[in-house]
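J.: For the sequence shown, our numbering assigns the number 6 to the initial residue and increments by one for each residue that follows.
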Amino acid sequence: MRRPIIGITSLVLFAIACGSSDAPMGSGVYGGMSKGEQLYRMNCVLCHGGNGKLGFNGAKDLTASVLTKAEMTARVSEGKGVMQPFKNMLTAKEIDAVVDHVRALAKKK
6 MRRPIIGITS LVLFAIACGS SDAPMGSGVY GGMSKGEQLY RMNCVLCHGG NGKLGFNGAK
66 DLTASVLTKA EMTARVSEGK GVMQPFKNML TAKEIDAVVD HVRALAKKK
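(1) Short of 7 Å in beta carbon distance, which residues of its chain neighbour Leu-59, apart from the five on each side in sequence? Order them along the chain.
(2) Would you report the Cα separation of Glu-42 and Ala-102, rounded to the nearest angstrom?
(3) Excluding sequence positions up to five away, which residues of its chain have a Cβ less than 7 Å from the Cβ of Glu-83?
(4) Taking the alpha helix (DSSP H) that Lys-56 falls in, what are its first and last residues?
(5) Tell me, to the nearest whole angstrom, how far the beta carbon of Val-107 is from that of Leu-67; I am working on the premise that it is less than 8 Å.
(6) Beta carbon of Val-87, beta carbon of Gly-63: below 8 Å?
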């Protein structure tokens, strides 16, 4: 049981490391996307999917979330279960942008 979690966590960390770049976020693959969507695609898509419904490794369907914005912000900051905390990887402003994007996914349902 522990090996799959370690392996998946390693993949997530690898994906995050590969997603980091000194290039401006408005260029290349992420051009035309909001800052929140860019950050979501770099950090969250692996488990939650592009539309928020993937559910890989126990990830919740973000389009069905009943959490408040404050609760979502805390969840992204602190993590829960297998989901890592992002408070040391993203600024408060970036976390807020990701949460705004996730909340918009529920409206596109």
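Glycine residues also receive a C-beta, built at the ideal position from the N, C-alpha and C atoms.
T.: According to the data block:
(1) Within the sequence shown, the letter at position 54 stands for residue 59. Counting only Cβ-Cβ distances below 7 Å, and skipping sequence neighbours, we find Cys-52, His-53.
(2) Position 37 of the sequence shown, counting from 1, holds the residue named residue 42. Position 97 of the sequence shown, counting from 1, holds the residue named residue 102. Roughly 8 Å between the two C-alpha positions.
(3) Translated into positions along the sequence shown, residue 83 becomes position 78. So the qualifying residues of the chain are Pro-90, Lys-92.
(4) Numbered from 1 along the sequence shown, position 51 holds the residue referred to as residue 56. According to the sequence shown, residue 56 is Asn rather than Lys. Where Asn-56 is concerned, there is no enclosing alpha helix (DSSP H), given that its DSSP letter is neither H nor E.
(5) As a working mapping, residue 107 is identified with position 102 in the sequence shown. As a working mapping, residue 67 is identified with position 62 in the sequence shown. With a Cβ gap of about 5 Å, Val-107 and Leu-67 count as contacting.
(6) The residue you call residue 87 lines up with position 82 of the sequence shown. The residue you call residue 63 lines up with position 58 of the sequence shown. The answer is yes: Cβ separation under 8 Å.
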